[in-house]
Amino acid sequence: MIRPHRHQPLWWAFALHRLSGLALAVFLPLHFLVLGSALNGEAVFDGVLAWSDFGLVKLAEMGLVFLLALHLLGGLRLLALEFLPWRDGQATLAAVAGSASAVIAFAFLFNAI
Amino acid sequence: MGADGGNLSVRIWKGGAGGRLIEFEAPQRANQTVLDVVTWVQRHRDPGLAYRFACRVGMCGSCAMTVNGKPRWTCRTHVAKVAQDSRLTIEPLRNLPIVKDLACDMTVFFEKWRDARGRFEGRATRYDDIECIAPETPARQAVDAGIECINCAVCYAACDVVAWKPDYLGPAALNRVWTLQNDTRDAAQAERLAAVAGEAGCHNCHSQQGCTTHCPMSLNPTASIAGLKRAVFMAALRGEV
Amino acid sequence: MQYEAMLEYHDTDILILGSGGAGLFAALHAGQTNPGLKVTLAVKGLIGKSGCTRMVQGGYNVALLPGDSVERHFMDTIVGGKWLPNQDLAWRLCQTAVERVRELENEVGCFFDRKADGTLHGKAFAGQSFDRTVHKGDLTGIEIINRLMEQVWARPVTRMEEHRALALIPTADGAALAGVLLVDMRSGVFRFVRAKAVLLATGGGPTMYRYHTPSGDKSMDGLAMALRIGLPLRDMEMVQFHPTGLLAGTETRMTGTVLEEGLRGAGGYLLDAEHRRFMLDYDPQGERATRDVVSRAMYAEMRKGRTTENGGLFIQMSHLGPDKVRRGFKGMVERCADCGFDLAGGLVEVVPTAHYLMGGLICDTETLTELPGLFVAGEDAGGVHGANRLGGNGVANSTVFGGIAGEAMADFAAKENLREPDEALIEAEIARALHPFDKPAGDLNALRERLLDVMWEDVGVMRTAEGLQRGIARLADLEAELLKTGLADRDRVFNLTWHDWLNLRSLVEVSEAIARAALARENSRGAHYREDFPEAGDLESSSFTLVSRVGESISVEQAPVDFTIVKPGESLIDDEAGAPEAISVQ
Amino acid sequence: MNLTSAQLYVLQRLSAAVLAPLVLVHLGLIVYAIQDGLSAAEILSRTRGSFVWAGFYSAFVIAAAIHAAIGLRSIAAENLAWRGARLDALTYGAALLLMTLGARAVAAVVL
Ligand SMILES: Cc1cc2nc3c(=O)[nH]c(=O)nc-3n(C[C@H](O)[C@H](O)[C@H](O)COP(=O)(O)OP(=O)(O)OC[C@H]3O[C@@H](n4cnc5c(N)ncnc54)[C@H](O)[C@@H]3O)c2cc1C
Ligand code: HEM
Ligand code: SF4
Ligand code: F3S
Ligand code: FES
Chain A
98 MIRPHRHQPL WWAFALHRLS GLALAVFLPL HFLVLGSALN GEAVFDGVLA
148 WSDFGLVKLA EMGLVFLLAL HLLGGLRLLA LEFLPWRDGQ ATLAAVAGSA
198 SAVIAFAFLF NAI
Chain B
48 MGADGGNLSV RIWKGGAGGR LIEFEAPQRA NQTVLDVVTW VQRHRDPGLA
98 YRFACRVGMC GSCAMTVNGK PRWTCRTHVA KVAQDSRLTI EPLRNLPIVK
148 DLACDMTVFF EKWRDARGRF EGRATRYDDI ECIAPETPAR QAVDAGIECI
198 NCAVCYAACD VVAWKPDYLG PAALNRVWTL QNDTRDAAQA ERLAAVAGEA
248 GCHNCHSQQG CTTHCPMSLN PTASIAGLKR AVFMAALRGE V
Chain C
2 MQYEAMLEYH DTDILILGSG GAGLFAALHA GQTNPGLKVT LAVKGLIGKS
52 GCTRMVQGGY NVALLPGDSV ERHFMDTIVG GKWLPNQDLA WRLCQTAVER
102 VRELENEVGC FFDRKADGTL HGKAFAGQSF DRTVHKGDLT GIEIINRLME
152 QVWARPVTRM EEHRALALIP TADGAALAGV LLVDMRSGVF RFVRAKAVLL
202 ATGGGPTMYR YHTPSGDKSM DGLAMALRIG LPLRDMEMVQ FHPTGLLAGT
252 ETRMTGTVLE EGLRGAGGYL LDAEHRRFML DYDPQGERAT RDVVSRAMYA
302 EMRKGRTTEN GGLFIQMSHL GPDKVRRGFK GMVERCADCG FDLAGGLVEV
352 VPTAHYLMGG LICDTETLTE LPGLFVAGED AGGVHGANRL GGNGVANSTV
402 FGGIAGEAMA DFAAKENLRE PDEALIEAEI ARALHPFDKP AGDLNALRER
452 LLDVMWEDVG VMRTAEGLQR GIARLADLEA ELLKTGLADR DRVFNLTWHD
502 WLNLRSLVEV SEAIARAALA RENSRGAHYR EDFPEAGDLE SSSFTLVSRV
552 GESISVEQAP VDFTIVKPGE SLIDDEAGAP EAISVQ
Chain D
2 MNLTSAQLYV LQRLSAAVLA PLVLVHLGLI VYAIQDGLSA AEILSRTRGS
52 FVWAGFYSAF VIAAAIHAAI GLRSIAAENL AWRGARLDAL TYGAALLLMT
102 LGARAVAAVV L
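Residue numbers (our numbering), protein chains in the order written: chain A, 98 to 210; chain B, 48 to 288; chain C, 2 to 587; chain D, 2 to 112.
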């Protein structure tokens with residue numbers, strides 16, 4: 098499935114950007130629903146938020162934070178690539194974006210537990 | 048003489064779109080390109096094998112094929128560089144219709160080059176002097192950076208967007224267009240920008256950089272396309288495209 | 002007719018064979034001259050991607066830079082051609098090159114290299130008195146052909162790609178050309194294209210030598226076709242060898258490909274197998290002597306037997322400093338590296354390699370041949386270069402005369418009607434092309450190798466009457482065997498082996514013409530060297546050879562050179578007789 | 002409303018540029034706010050009645066709706082080979098859905 102012509106870091110950067118974007122787009126309506134539940138009173142909202150105390154949910158949240166950070170930083174790389182003069186080393190930049198996202202995600206997890 | 052005695056096991060695509068890989072044994076040599084292996088098979092094992100080449104020195108861009116899964120020019124790819132355990136798999140380029148075996152129909156590639164308005168449209172004529180243009184001007188350097196394309200379609204085969212959106216003009220045509228948009232002698236830049244701002248245009252590119260990674264001439268279509276996107280962005284804001 | 006089911010008919014006003022500099026320019030100019038005409042471009046490979054114009058590295062000679070003149074370019078061409086060129090053609094070349102380069106730059110879109118002040122840069126090429134070679138880095142041909150190709154793709158030209166011309170078909174009375182028989186290589190369908198005017202621009206290409214530079218699609222088809230309908234070819238003995246072809250062994254297509262001229266110019270050494278520099282034994286200019294001199298010295302050295310593993314010599318660049326070489330010859334160093342050789346730091350095996358055929362069809366300055374309806378331009382045309390072609394005059398020749406042909410054909414076609422072909426000849430030519438299909442399969446490859454050896458050994462860099470006669474006899478044997486050899490794969494669809502067979506047949510036929518012309522010229526001029534007649538002969542009474550085919554045999558005549566513009570000993574340049582003195586502005 | 006593909010591109014990049022600082026702040030806030038666990042009271046005390054946050058989240062919702070809808074459009078066109086009316090329906094549908102749910106969410110936390 099992953100054919101050899103794709104074996105290069107920037108194809109992976111593209112794939113991750115796409116997957117993270119898709120995941121965020123799927124998550125966002127849910128997120129809005131959760132926030133919207135406040136309309137039905139603080140208690141309902143709290144009830145929904147209580148879910149986030151489960152370890153597994155925490156991990157999933159961390160995943161989301163990772164994806165958001167990754168998509169943000171990756172997106173910034175793309176905006177820079179498209180709107181600033183060309184610079185080499187895009188693969189390095191993509192790797193930096195990936196690592197920074199991981200750092201942010203762990204920071205989140207650390208703070209969360 | 049030159050032979051290192053070993054054998055290569057070569058799988059070669061035979062037939063059209065519904066073809067399959069056929070296995071051949073070919074002698075391994077010290078000085079041997081992938082094109083030489085294909086030629087050897089045609090000359091000694093399968094006289095019906097179809098493939099294309101012309102210059103054999105990396106100038107005409109006719110000999111590109113998929114070698115062990117990657118698009119490459121075959122006349123300048125030494126077997127030692129790509130063979131894995133003396134094995135080679137040779138298929139036609141992706142994203143183009145197959146005529147037969149390893150030969151693709153490149154018509155659509157050149158049609159897109161044309162449709163992108165990938166040609167010079169100047170003001171001066173054969174009776175005018177040649178324009179004075181200093182080599183260090185940024186515009187001239189931008190032209191030079193992208194001009195040495197041999198239209199081999201390796202980038203075109205490497206790009207997934209071409210595969211997914213068959214109308215997409217593709218990296219080679221857009222790279223050429225960018226050189227023209229930087230050409231101070233050209234007089235059709237507005238029309239050309241419109242030609243690459245449409246449904247099939249430059250903004251379909253997702254900077255996968257397969258084009259730049261695989262281009263045998265070390266060109267950077269990604270950068271060229273980024274330049275075009277920028278120009279289309281500004282033009283769209285001004286309501287021009 | 003027997004082959005009716007395999008044959009399709011097409012009509013066009015102008016048919017162009019070949020898409021090198023000559024063919025593409027003809028297509029452009031024909032359309033510009035008369036947009037109402039239907040122009041068809043048929044080519045053996047893909048448009049713009051086949052042929053040698055694409056492979057031009059050095060550049061384009063033109064008298065466009067301050068201090069140069071058309072007269073000077075012309076004198077260089079005549080002196081370089083050892084007084085054999087047709088002077089009217091050579092003058093037209095030098096004169097029109099000026100307009101053509103401007104057209105390439107201003108209308109077609111080529112972007113030639115500039116000097117720091119922004120004006121055109123001209124580089125030095127051996128054998129010329131002025132640094133007039135305009136270029137785009139060392140990939141000039143790509144720039145010229147890509148730009149032309151784009152322009153042609155954007156115009157209403159009917160494209161017949163991977164169509165091989167098989168035969169020129171005159172009218173039944175032989176008074177004019179009616180059209181061309183082609184085969185669509187992808188489908189195996191034969192097509193007869195009737196045309197009011199046809200341009201032969203298939204680009205010669207001496208690929209019958211063991212070592213050769215031209216692209217793989219070139220096999221002298223054009224000249225073989227012309228010979229078959231009785232048209233005379235001139236200067237056929239004039240085969241130019243390039244001194245530094247890459248030698249990488251047999252069974253690799255890398256062998257024979259050019260390592261650029263500039264390597265010697267920059268101070269590269271040629272060494273024998275014992276690493277001894279030998280060029281100074283032959284010429285005080287050493288490695289920087291002209292192509293023919295260096296090629297002969299190398300050949301002589303190789304005959305002494307001190308050759309490398311693959312039977313050649315070495316080129317060494319490392320004494321100039323590997324980093325400097327890597328910078329100065331980036332493209333060349335990379336190409337060698339791709340193929341496994343270290344040009345910058347090591348030794349690379351080289352051998353003289355057949356590069357260009359000066360000979361070709363006779364035509365006038367409007368590119369018309371003696372057969373009404375047939376025009377010729379580019380490497381298929383003879384007479385422009387005489388005994389030697391200056392580096393940089395090849396692409397000038399094809400683009401200049403290709404453009405002229407486009408205009409001339411448009412004017413001609415506007416006045417003419419389509420003509421009826423000799424149907425029997427079409428029939429016979431199809432049968433001829435299908436010949437190998439009902440013969441038992443044989444070893445085509447061994448036959449090709451034999452042809453390459455015959456030409457290299459007997460009709461090559463240095464020639465003798467004895468060798469040439471032996472060569473002619475060996476060629477005859479070879480042809481007989483080829484006619485008995487058939488194909489293993491009987492499908493006509495994209496059957497490269499069939500086309501190999503057809504290539505071989507064209508090559509054998511033209512090889513005989515070369516050998517016979519070489520036998521007839523009993524002196525040594527330019528690219529032609531007879532060990533048994535080493536003198537150049539009297540310049541005033543210079544003559545050129547004319548080969549034509551009468552029935553099954555080939556006859557050679559000699560015709561005197563008409564010095565229409567300058568005579569030997571004279572010069573168009575003041576204060577200088579003959580060769581303009583070497584000056585260099587930079 | 003029929004946008005050209007170039008206009009869609011412009012909108013996508015502009016919305017991304019708007020989103021970038023908003024997401025950055027949002028991310029910072031998440032990492033900081035999660036420290037003491039999430040509680041409705043805490044979130045709402047910050048947001049209720051605040052014009053700043055109302056503006057912040059409204060901008061976020063609008064930009065995200067535009068940005069994600071166009072992004073989904075690319076994905077559907079390229080990976081699912083959707084074209085034409087279907088593609089438009091997806092784009093505008095997604096934008097509308099996000100806009101609606103987003104507006105509701107903003108209302109819930111701000112009002
Ligand atoms: C490696 C190399 C480097 C060179 N460098 C220089 C240089 O620096 N400067 C210079 O001036 N010259 C140079 N030359 C010479 C120059 O390339 C040629 O003189 C010139 O390009 C010939 O142009 P053409 O149009 O006649 O033929 P080509 O460009 O060779 O085109 C011939 C065309 O005819 C087609 N064809 C062949 N047979 C058939 C057939 N049977 N039916 C249909 N089509 C057919 C071919 O496919 C091709 O499209 C070089 C040549 C080589 C090989
Ligand atoms: C909530 C937030 C976000 C969502 C739901 C989201 C969603 C998406 C989706 C679905 C895509 C399409 C993916 C693709 O074409 O491969 C996409 C693309 C993109 N996103 Fe986001 N995104 C969000 C935030 C951001 C941010 C903050 C940026 C920042 C800078 C950004 C920049 C981009 C860019 C540049 C693309 C285009 C990629 C391309 O076409 O090559 N996105 N986004
Ligand atoms: S950009 Fe590179 S890969 Fe693409 S066609 Fe040109 S030379 Fe080939
Ligand atoms: S591979 Fe394709 S996606 Fe863009 S950067 Fe190159 S054109
Ligand atoms: S044969 Fe011309 S690039 Fe390979």
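Glycine included, each C-beta is placed from N, C-alpha and C at the ideal position.
DSSP puts residue i in a beta bridge; with which residues?
i	result
C:I555	C:R550
C:V199	C:L16 and C:L375
C:H529	C:R526
C:R165	C:V184
C:G361	C:R235
C:L248	Partner(s): none; C:L248 has no beta bridge.
C:R464	C:R531
For residue i and chain A, any beta-carbon pair shorter than 8 angstroms?
i	result
B:A270	yes
B:G257	yes
B:P139	no
D:R47	no
D:Q13	no
D:Q36	yes
D:S6	no
Here's a check: name, in chain order, each residue in its chain whose Cβ is nearer than 8 angstroms to the Cβ of residue i, leaving out the five neighbours to either side.
i	result
B:A210	R141 and N142
Within a Cβ cutoff of 7 angstroms, which residues of the same chain sit near residue i, ignoring the five residues on either side of it in sequence?
i	result
C:H30	G404, G407 and E408
C:K1	For residue 1 of chain C there is no data in the structure shown, the boundaries of chain C being 2 and 587.
C:Q241	R292, H356, Y357, M359, N389, R390 and A528
Is the CB of residue i under 8 angstroms away from at least one CB in chain C?
i	result
B:G248	no
B:K147	yes
B:H261	no
Does the beta carbon of residue i come closer than 8 angstroms to any beta carbon on chain B?
i	result
D:Y93	no
A:L206	no
A:L190	no
A:H168	no
C:S51	yes
For residue i, which residues of its own chain have a beta-carbon under 6 angstroms away from its beta-carbon, when the five flanking residues on both sides are left out?
i	result
B:N229	A186, A189 and V190
C:G268	L321
A:A209	K155
C:R187	E163 and F495
Is there a C-beta anywhere in chain D that falls below 8 angstroms from the one on residue i?
i	result
A:P126	yes
B:A244	yes
B:L284	yes
Query raised in the report: Which residues, taken in chain order from the segment 178 to 192 of chain B, show a beta carbon closer than 7 angstroms to some beta carbon of chain C?
Result: Answer in chain order: C179, I180, A181, P182 and V190.
Query raised in the report: Is it true that the segment 72 to 83 of chain D meets the segment 117 to 130 of chain A, where meeting means three or more beta-carbon pairs spaced less than 8 angstroms apart?
Result: Look at the beta carbons and you see the segment 72 to 83 of chain D touching the segment 117 to 130 of chain A: at least three pairs across the two are nearer than 8 angstroms.
Query raised in the report: Just by C-beta distance, which residues in the segment 140 to 170 of chain C are closer than 9 angstroms to chain B?
Result: For the segment 140 to 170 of chain C, the set of positions with a beta-carbon nearer than 9 angstroms to some beta-carbon of chain B reads L140, G142, I143, E144, I146, N147, R148, M150, E151, Q152, W154, A155, R160, E162 and E163 in chain order.
Query raised in the report: Going along the chain, which residues of the segment 58 to 89 of chain D sit with their C-beta nearer than 7 angstroms to a C-beta in chain B?
Result: Residues A78, E79 and N80.
Query raised in the report: What residues in the segment 242 to 270 of chain C have a beta carbon less than 7 angstroms from any beta carbon of chain B?
Result: Within the segment 242 to 270 of chain C, the residues whose Cβ lies closer than 7 angstroms to some Cβ of chain B are A249, G250, E252, T253, R254, M255 and T258, listed in chain order.
Report task. Examine the Cβ distances between the segment 436 to 451 of chain C and the segment 58 to 76 of chain C and report whether three or more of them are shorter than 8 angstroms. Result -> Verdict: no, contact absent.
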